[in-house]
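Going by the working numbering, the residue at position 78 of the sequence shown is 78; the numbering climbs one at a time, nothing skipped.
Glycine residues also receive a C-beta, built at the ideal position from the N, C-alpha and C atoms.
Predicted model, so just to flag it, every value in this text is computed and none were measured.
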Amino acid sequence: MKKSSTFNLLLLVSLYALITSGYFVLRYAGQWADSDTANLTEATIDVISLGELKSGDSAYPAGYAYQSFVAFLTLFSGLPI
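Structure representation (structure tokens):
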């Protein structure tokens, strides 16, 4: 591969990473991680304490995969959430 094509590929990947990260920061005004982490932690604690997936208004709106996986890892490893 030529040096110019390697440079162009590296530039393209870097530009894509910059645009993608900028999108997530701007979309949630920089506060996405904090509120999402709190919601996921609460949903995971509910999955463990209730022994079932919550539904309705108090459920996490983006699905159940993450909190189910974290609940499994917590119960399997004994580590706290």
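CB-CB length for residue i against residue j, believed under 8 Å
| i | j | result |
| --- | --- | --- |
| residue 43 | residue 67 | 4 Å |
| residue 20 | residue 81 | Contact doesn't hold; Cβ gap of about 28 Å is too wide. |
Local Cβ density within 10 Å of residue i, reported as buried at 16 or more and exposed below that
| i | result |
| --- | --- |
| residue 47 | buried |
| residue 71 | buried |
Euclidean distance between Cα positions of residue i and residue j
| i | j | result |
| --- | --- | --- |
| residue 74 | residue 36 | 19 Å |
| residue 53 | residue 64 | 7 Å |
| residue 22 | residue 7 | 22 Å |
| residue 4 | residue 24 | 30 Å |
| residue 14 | residue 50 | 44 Å |
Reduced DSSP category for residue i - H, G, I as helix; E, B as strand; rest coil
| i | result |
| --- | --- |
| residue 9 | helix |
| residue 23 | helix |
| residue 81 | coil |
| residue 3 | helix |
| residue 62 | coil |
| residue 53 | coil |
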